[in-house]
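One structure below.
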Amino acid sequence: MSDLRALFSSNDPVGDREAFTNRQAQWTAAATAVEEHLRHLADPAFDVEDLEALRNNLVVFYGVGGIGKSTLLRKLEASLTEAEQRPQQCGAPAWAGEKILPIRIDLARSRAATGSVFENVVLTVRLALAAAVGRPLPSFDLALRRYWDAQHPGEPLEEYVRRTGLAGRFGQLLPQQMQAAVSEAIGTLQMPGLVGAAAGQVTTALVKALRERWDRCEVR
Numbered sequence: 278m279s280d281l282r283a284l285f286s287s288n289d290p291v292g293d294r295e296a297f298t299n300r301q302a303q304w305t306a307a308a309t310a311v312e313e314h315l316r317h318l319a320d321p322a323f324d325v326e327d328l329e330a331l332r333n334n335l336v337v338f339y340g341v342g343g344i345g346k347s348t349l350l351r352k353l354e355a356s357l358t359e360a361e362q363r364p365q366q367c368g369a370p371a372w373a374g375e376k377i378l379p380i381r382i383d384l385a386r387s388r389a390a391t392g393s394v395f396e397n398v399v400l401t402v403r404l405a406l407a408a409a410v411g412r413p414l415p416s417f418d419l420a421l422r423r424y425w426d427a428q429h430p431g432e433p434l435e436e437y438v439r440r441t442g443l444a445g446r447f448g449q450l451l452p453q454q455m456q457a458a459v460s461e462a463i464g465t466l467q468m469p470g471l472v473g474a475a476a477g478q479v480t481t482a483l484v485k486a487l488r489e490r491w492d493r494c495e496v497r
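Per the numbering used here: the sequence shown = residues 278 to 497.
Written as structure tokens, this is what we have:
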């Protein structure tokens, strides 16, 4: 028996390694979709405010439970984030010189955790941008603050982000950037009386002032 153990034993430790295989077609489909989307955005005729124009913004991967859809999405996210994470069998994308910010959202978990998929998606995207862009997004931040004050009166956005577990490492950046956006708008519209006012009062006054300015521009 000892001879058999010696014959079949090995000095190498036993280990395991994750293998991601047979997904070249899915990677090609995703990479092609991103490439076409970037080309569309670079087209001089593209108008971001034209909401009626046809857009191809959706790629669907489907299959029975356990077939590997979630693993595929995690690999796509990692591959788009860093080239070193891309599996060897997947070719380099055509946009290799451009920075892509992938954001993966589990809609099923979002619904179970917060009860609002829409708000979770918007906040997750904005939190990712808070880290990647590193500066306020005035139009978006003012619209988000206005929406939040109307839909969640008396509930601070910062508390919601903390309670739902969305904050992560960048949870403190979002309120800071949103406050900076509000302050910038106050300065631009020359409304010093709003400094230090409550958030709801500030956003309401800002929206009113922006609408009045827009109406004056249209009249001219």
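Think of the CB as a built atom: it goes at the ideal place given N, C-alpha and C, for glycine as much as any other residue.
From a predicted model like this one, the values you see are computed outputs, not experimental measurements.
Note on geometry: alpha-carbon atoms of K352 and K376 lie some 17 Å from one another. The C-alpha of T348 is placed about 13 Å away from the C-alpha of V341. Only exposed fits L318, as fewer than 16 other CB atoms lie within 10 angstroms of its CB. Within the same chain, and ignoring the five residues on either side of Q303 in sequence, the residues whose Cβ sits closer than 7 Å to its Cβ are F338 and L349. Using a 10 angstroms sphere on the CB of S356, the tally of other CB atoms reaches 16 or more, which defines it as buried. By the Cβ neighbour-count rule, D327 is exposed, with fewer than 16 other Cβ atoms within 10 Å of its own. Taking 8 Å as the cut-off, the Cβ atoms of A308 and P370 count as close.
Closest in C-alpha terms to D383, from the list E312, R439, T401 and L434, comes T401. Taking G345 as reference, the option from E436, V438 and N299 with the minimal CA-CA separation is N299.
D426 counts as buried, since no fewer than 16 other beta carbons sit within 10 angstroms of its beta carbon.
Within the same chain, Cβ atoms closer than 8 Å to the Cβ of V311 are found at L357, P370, W372 and I377, the five residues on either side in sequence being excluded.
Bounds of the alpha helix (DSSP H) holding K352 are K346 to T358. Judged by their CB atoms, L414 and L406 are nearer to each other than the 8 Å cut-off. Measuring C-alpha to C-alpha distances from C367 to each of A306, R332, N334 and L315 identifies A306 as the nearest. Taken atom to atom, the span from the alpha-carbon of A360 to that of P430 is near 44 Å. Here E354 is actually not in contact with N333; their C-beta atoms are around 20 Å apart, not less than 8 Å. The alpha helix (DSSP H) runs lying completely inside the stretch 401-430 and spanning 4 residues or more are 415-428, given in chain order.
One Cα belongs to G411, the other to R403, and the distance between them is close to 11 Å.
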